[in-house]
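Let me begin by presenting the structure, written as structure tokens, before commenting on it.
Protein chains: 2
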Amino acid sequence: MTHDPARIEIRARCGDARAGVLRVRGLEAPTPLFMPVGTLGAVKAMSPEEVWANGTRIVLGNTFHLLQRPGLEPLARLGGLHRFMGWDGAILTDSGGYQVFSLAERRTVEDDGVSFASPLDGSRIVLTPATVVAAQRAIGSDIAMVLDECPPAEAPREIVEAAVRRTTRWAERSLAEPRAPGQALFGIVQGALEIDLRRAHLETLAALPFDGLALGGFSVGDTPERRDGVLAAVAPRMPADRPRYLMGLGTPWDLFWAVRCGIDMFDCVLPTRNARNGQAFTAAGRVSIKQARYREDPRPLEDGCGCPACRRFSRAYLRHLYVCGEILAARALTAHNLWFFERWMAGLRAAIRDGTLDALAESARRATGPAG
Amino acid sequence: MTHDPARIEIRARCGDARAGVLRVRGLEAPTPLFMPVGTLGAVKAMSPEEVWANGTRIVLGNTFHLLQRPGLEPLARLGGLHRFMGWDGAILTDSGGYQVFSLAERRTVEDDGVSFASPLDGSRIVLTPATVVAAQRAIGSDIAMVLDECPPAEAPREIVEAAVRRTTRWAERSLAEPRAPGQALFGIVQGALEIDLRRAHLETLAALPFDGLALGGFSVGDTPERRDGVLAAVAPRMPADRPRYLMGLGTPWDLFWAVRCGIDMFDCVLPTRNARNGQAFTAAGRVSIKQARYREDPRPLEDGCGCPACRRFSRAYLRHLYVCGEILAARALTAHNLWFFERWMAGLRAAIRDGTLDALAESARRATGPAG
């Protein structure tokens, strides 16, 4: 079944913040929304049913990882990523740009694209704007991202300028490539922490017929403080009629702040990765479940939480599972964190509708820090 | 809430085989039944809801492991194992005897009990008939097992005789110890592969007021062929009015054969451990999911299987998850294997009622071997 490309409808505003619905793959996903990361075709430790039951309607897949395993041709022959992973919701795929610039070894950037040695087997992989769109066509995601060059925050201005220019050329080429039926394509704004470069790049990309725009290149060597300023200076200028996506962030504070600046969509490994490292997000801050203080703590991770873990398990049990290396520890903490993030976004949406978003700043700070 | 100790009601017979219900913890569990192993208070990779949804009504907990982690006093303070692990079904705990004799280092067996160095931290742990019953009282299991001495199959006859005598003395002492309200206590028949010793020990223990009897010490260095002969010579003589439990076995063949000999209850790590090693049980034999032949196989693990994995995932996807080290691989294969074992037992029960048990021999052999 083919759907129209993703479109956003804004229904409420609060300062620069906006709440509405993203229509994608025949679904209506309330925005602002958080997308859990399913790097290799699975949200780590979770089943598709659990992800859906959490309220999640869009998950992220990583093109960089999927093209190495299982490979694009097998994936296409098996009917695409939705069928492969048994996920009936929507999928956004990144372009691989971020991973190429942060993970890949022996990387060569040229005007045509970027080539690198696979971290898996050392084989040479070439990504160009065209191959990246083709990869996402094979994957069959609902929202595809353009290949971008993603310089670190501390890069000299000339490097950032060159990356912006190249990302623009790549963006234009990407738009010329055929996509899967109904597949949306988003452009990616770069510019590191240079506000003028970010604004100029945004203006350039906004003039192109992308279905949505993203801010890329954050959380690559920057600090929350510097990032917050750039977000406040750039995000409100993003096109109002298209989805606005902040890539790779973040903490409850990051989500609050970026929503306040007008962002609609987020993805981050934080709730899933931290869960596997024994960390649970709560309104009172991050709980590190391995601590001895929880050894006989009969309380759930968070009082009143309705997540599958809190409905059944004590901190004492979760600590025991974690210390023993039981898979159920990763499952339970991941389920809790995804629940927390989904409810955190629901709270931000409600506050936008109620015009009380700023009142959540203190809660955002508390949830982001360590539990007292 | 307190229940009567576990009792069995036999409703159908087929040769020596018997089908009925085990009443335990206010539940009726159809027999013969299989109990998944939840060593450390979790059936590995599974949630309690999933184990229940599988049809499982009794899980096994390992006293040897639980007394080291989380420890008996914390467990008792936290309300016992059912509450700790969030499991509303029944729990059978082993005595630790098997683990002491197969895992523990620097072991000393004396008439009072056995002492050993904890594999975790080297600390000295002493198990006596009394401490083992007390441990299971603290754990609060529904069915407790006596401490037994478990010699390997190849032990000289004098060693086996001594172990049998000691196990009898320990059994008598165990019966004198206070138990949790409604907690059943089962005796354990030893005797390695010596049929006359097994029969004599069975007769001795059958005269004692145990709520059920178990055959211990199998799969400790024996072979399926020798085991089958001993089972056929011993199991049919077990008391007809009490549950009969074969500890630590087995394969689909083992289950078939022992059911045929009159066994009612089983536990084994095979479905869960093999799942984590990438092995799935099917009617056509064991599937090793990592094999390259499954790389693009769109079929489920088993055609027509109603398990959560087969309803949604292809072999190609499961292979991908396994190769990538995704937790979902362990989850899906464990769910499938527990489903297979539960349905295998249901098939044996139905065949007993229909008087067609022997017709399953070929199926049992096929399911136990490698997939063609």
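Protein chains in written order, with our numbering: chain L, 1 to 372; chain B, 1001 to 1372.
Even glycine gets a Cβ: it sits at the ideal position worked out from N, Cα and C.
CB contact check: residue i to chain B, cutoff 8 angstroms
i      : result
K290/L : no
E296/L : yes
A330/L : yes
V114/L : no
R273/L : no
S123/L : no
Status (buried if at least 16 other CB within 10 Å, exposed otherwise) for residue i
i       : result
L357/L  : buried
V126/L  : exposed
G15/L   : exposed
R331/L  : buried
R124/L  : exposed
Q1291/B : exposed
T108/L  : exposed
G1262/B : buried
R198/L  : buried
R1226/B : exposed
N277/L  : exposed
Same chain, Cβ closer than 8 angstroms to residue i, neighbours up to 5 away in sequence not counted
i       : result
W253/L  : P224, A364, R365, A367 and T368
R1069/B : L1040 and L1120
A966/B  : Here chain B comprises residues numbered 1001 to 1372, so residue 966/B is not present and cannot be evaluated.
H201/L  : V164, T167, T168, V189, Q190 and G191
H65/L   : T39, L40 and Q99
M1035/B : T1056, I1058, V1059, L1060, L1092, M1265, F1266 and D1267
F1084/B : G1041, P1070, L1075 and L1078
Distance cut-off 7 angstroms: residue i Cβ against heavy atoms of the ligand FMN
i      : result
L127/L : The ligand FMN is absent from the structure shown, which contains no ligand whatsoever.
Test: residue i CB closer than 8 angstroms to a CB of chain L
i       : result
V1059/B : no
G1041/B : yes
S1141/B : no
H1320/B : yes
L1078/B : yes
V1323/B : yes
Q1074/B : The amino acid occupying residue 1074/B in the given sequence is Pro; Gln does not appear at that position. With 8 angstroms as the cut-off, P1074/B counts as an interface residue toward chain L.
Residues near residue i in its chain [Cβ-Cβ closer than 6 angstroms; skip 5 each side]
i       : result
L1067/B : A1135
A351/L  : L357 and L360
E105/L  : A117
F281/L  : N337 and F340
V1259/B : A1017, P1032 and L1348
A1284/B : A1371
P1129/B : L1147, W1170, R1173 and S1174
Contact set for residue i: own chain, Cβ-Cβ below 7 angstroms, skip 5 residues either direction
i       : result
I195/L  : V230, A233 and V234
P181/L  : T2
A153/L  : A192, L193, V220, G221 and D222
T1005/B : It should be pointed out that residue 1005/B corresponds to Pro in this sequence rather than to Thr. If we look at P1005/B and ignore the five residues flanking it on each side, its Cβ neighbours are G1182, Q1183, A1184 and D1211.
N1274/B : N1337
C310/L  : P300, L301, E302 and H336
R295/L  : A316 and R319
S141/L  : G61, L81, I91, L92, T93 and Q183
T204/L  : T168
A155/L  : A192
Listed by chain order, chain L residues near residue i by CB distance under 8 angstroms
i       : result
H1082/B : Residues of chain L passing the Cβ test: none, with the nearest at roughly 11 angstroms.
P1048/B : R312
Partners in chain L for residue i, counting only beta-carbon separations shorter than 9 angstroms
i       : result
R1365/B : In chain order: nothing, as chain L lies at least about 32 angstroms away.
Proximal residues of chain B, C-beta to C-beta of residue i below 8 angstroms
i     : result
G86/L : R1312, F1313 and Y1317
P70/L : R1295, A1316 and H1320
Chain L residues whose Cβ lies nearer than 7 angstroms to that of residue i
i       : result
E1326/B : L40, A42 and K44
Any chain A beta carbon closer than 8 angstroms to residue i
i      : result
V259/L : No chain A appears in this structure, whose protein chains are L and B.
(request) Could you tell me which uninterrupted beta strand (DSSP E) segments, each at least 3 residues in length, are contained entirely in the stretch 100 to 124 of chain L, listed from first to last along the chain? (result) Fully enclosed beta strand (DSSP E) runs of 3 or longer: 105 to 109 and 114 to 117.
(request) Only counting runs of 4 or more residues, tell me where the alpha helix (DSSP H) segments fall wholly within the stretch 1014 to 1092 of chain B, in order along the chain. (result) Runs of the alpha helix (DSSP H) inside the stretch 1014 to 1092 of chain B: 1048 to 1053, 1063 to 1066, 1072 to 1077 and 1081 to 1085.
(request) Write down every uninterrupted run of the beta strand (DSSP E) in the stretch 192 to 216 of chain L whose length is 3 residues or greater and which is fully enclosed by it, in chain order. (result) Listed in chain order, they are 212 to 215.
(message) Threshold first: 4 residues or longer. Then list the alpha helix (DSSP H) segments lying entirely within the stretch 1249 to 1282 of chain B, N to C.
(response) List check, alpha helix (DSSP H) in window: 1252 to 1260 and 1270 to 1276.
(message) So within the stretch 283 to 366 of chain L, which uninterrupted alpha helix (DSSP H) runs reach at least 4 residues, ignoring any that extend past its ends?
(response) Counting whole runs of 4 or more residues, the stretch 283 to 366 of chain L contains the alpha helix (DSSP H) stretches 315 to 323 and 327 to 354.
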